[in-house]
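Trainee: Sharing a structure, written as structure tokens. Questions coming.
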Amino acid sequence: MATAYEAASTTADFSDKAKAMFGDFNDRAKSAMEKSAKLGEEMTEFTKGNVEALVTSGRVAAKGCETLAQDLAETMKKNFESATATMKSFAAVKSPTELFQLQSDYARSYFDGAVADASKFSEAMMKLMGDIAQPLSSRYALAAEKIKATAL
């Protein structure tokens, strides 16, 4: 009789241990699924933020390029008007000395204007590049923070 009792006791112990093991496994699996779902939601939100940053950068780039194109058109118009006025003054020249003086003045003013325009354009372009990169760099900083927080 002791043997049957021991067998029943062993079976009951095994059954209890199996239930506990499967219960623990079930709890761990449920916890892992919840963490995975939360991670999926966070990734979706993060990706959405990245797309929004990319769209914002695109808008800034389009607007900035439009502004640069308008500025360039105005500069070209100003330079054309200046060249036209200079050509008219060349036509009214009375002596070779006056022609060379006028040509020298025009070359100097054209060079100075070209340097000023190039400087203005370079500054505007650098500012635009910074403005375009800003939303993306903010997202990069956020990603670095998340990675750093995860690593710790």
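Just so we're aligned: 12 in UniProt numbering is position 12 of the sequence shown, and the numbers increase by one with no gaps anywhere.
Note that CB positions come from ideal geometry on N, CA and C, so glycine has one too.
1) So Val115 is in the alpha helix (DSSP H); what residue range does that whole segment cover?
2) Out of curiosity, what's the CA-to-CA distance linking Asp71 and Lys120?
3) Please identify the residue among Thr56, Ser95 and Met87 whose C-alpha is closest to the C-alpha of Ala107.
4) Which of helix, strand or coil does DSSP assign to Ala92?
5) Decide yes or no for the touch test of the region 109 to 117 against the region 28 to 46: beta carbon pairs closer than 8 Å, at least 3 of them.
6) Nearest to Gly49 by CA position, among Asp16, Ala83 and Ser138, is which residue?
7) By Cβ distance, which residues of its chain are closer than 7 Å to Glu145, with the 5 residues on each side in sequence left out?
8) Are at least three pairs of beta-carbons, each pair with one atom in the region 40 to 58 and one in the region 128 to 138, less than 8 Å apart?
9) Do Ala124 and Thr67 come within 9 Å of each other at the CB atom, strictly closer than that value?
10) What does the Cβ neighbour count give for Ile132, buried or exposed, with the cut at 16 atoms within 10 Å?
11) If I measure Cβ to Cβ from Glu98 and keep anything under 6 Å in the same chain, skipping five residues before and after, which residues do I get?
Mentor: The short version:
1) Pro96 to Ala151
2) 10 Å
3) Met87
4) coil
5) no
6) Ser138
7) none
8) yes
9) yes
10) buried
11) none
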